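First residue of the sequence shown? That's 3 in our numbering, and the numbers climb one at a time after it.
Structure record follows, encoded as structure tokens.
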Amino acid sequence: MEGGIFESAKQGAMICDTSTISPQGAQQFHVDAKKLGFTYLDTPMSGGITGARNGTLTFMVGGSEEEFEASKGVLSGMGANFFHCGGPGTGEIAKLTNNLILGISMVASSEGMAIGEKLGIDPAVL
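Structure follows, in structure tokens:
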């Protein structure tokens with residue numbers, strides 16, 4: 003993309019993409035970055051606002067083992083937990099599945115609370 007980071011990154015730069023994008027997109031960015039002489043890693047995170055404020059975010063990293071180890075130097079300013087998920091794109095897979103599991107759990111909890119209250123139990127007790 004014109005004016006994007008791939009046009010301005012310096013040789014040898016490491017780009018840690020903390021956004022949640024498609025695994026296929028992350029894989030392609032990794033390939034494109036290598037051609038241009040720098041490293042792209044998918045490093046989506048978990049931990050929310052509290053984790054960001056406290057520097058305790060969890061990062062799910064997709065890339066080689068060597069790239070993963072090098073990324074900790076960049077990511078440690080924001081997080082405390084780092085998981086190597088596998089090759090390029092696997093950090094995104096871990097994040098997407100984590101989001102799915104969290105969403106399902108939230109819906110199940112909400113429905114359980116609604117049913118309990120309708121059946122007559124105090125929600126504070128439940």
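From the three backbone atoms N, C-alpha and C, an ideal C-beta is built for every residue, glycine too.
Computed from a prediction, not measured in an experiment: that's the story for all the values here.
- Of all alpha-carbon atoms in LEU104, ASP124 and VAL33, the one lying nearest the alpha-carbon of PHE8 is that of VAL33.
- In the three-state scheme derived from DSSP, where H, G and I count as helix and E and B as strand, PHE40 is classed as coil.
- Counting along the chain, the unbroken alpha helix (DSSP H) around ALA110 starts and ends at 92–120.
- Rounded to the nearest whole angstrom, the CA to CA distance from GLY39 to ILE106 is 41 angstroms.
- Scanning its chain for C-beta atoms nearer than 7 angstroms, with the 5 sequence neighbours on each side dropped, one finds around THR20 the residues THR45, PRO46 and MET47, in chain order.
- Of the candidates GLY91, LYS37 and CYS18, the residue whose Cα lies closest to the Cα of SER78 is CYS18.
- With 16 or more other Cβ atoms from the protein chains shown falling within 10 Å of its own Cβ, LYS97 counts as buried.
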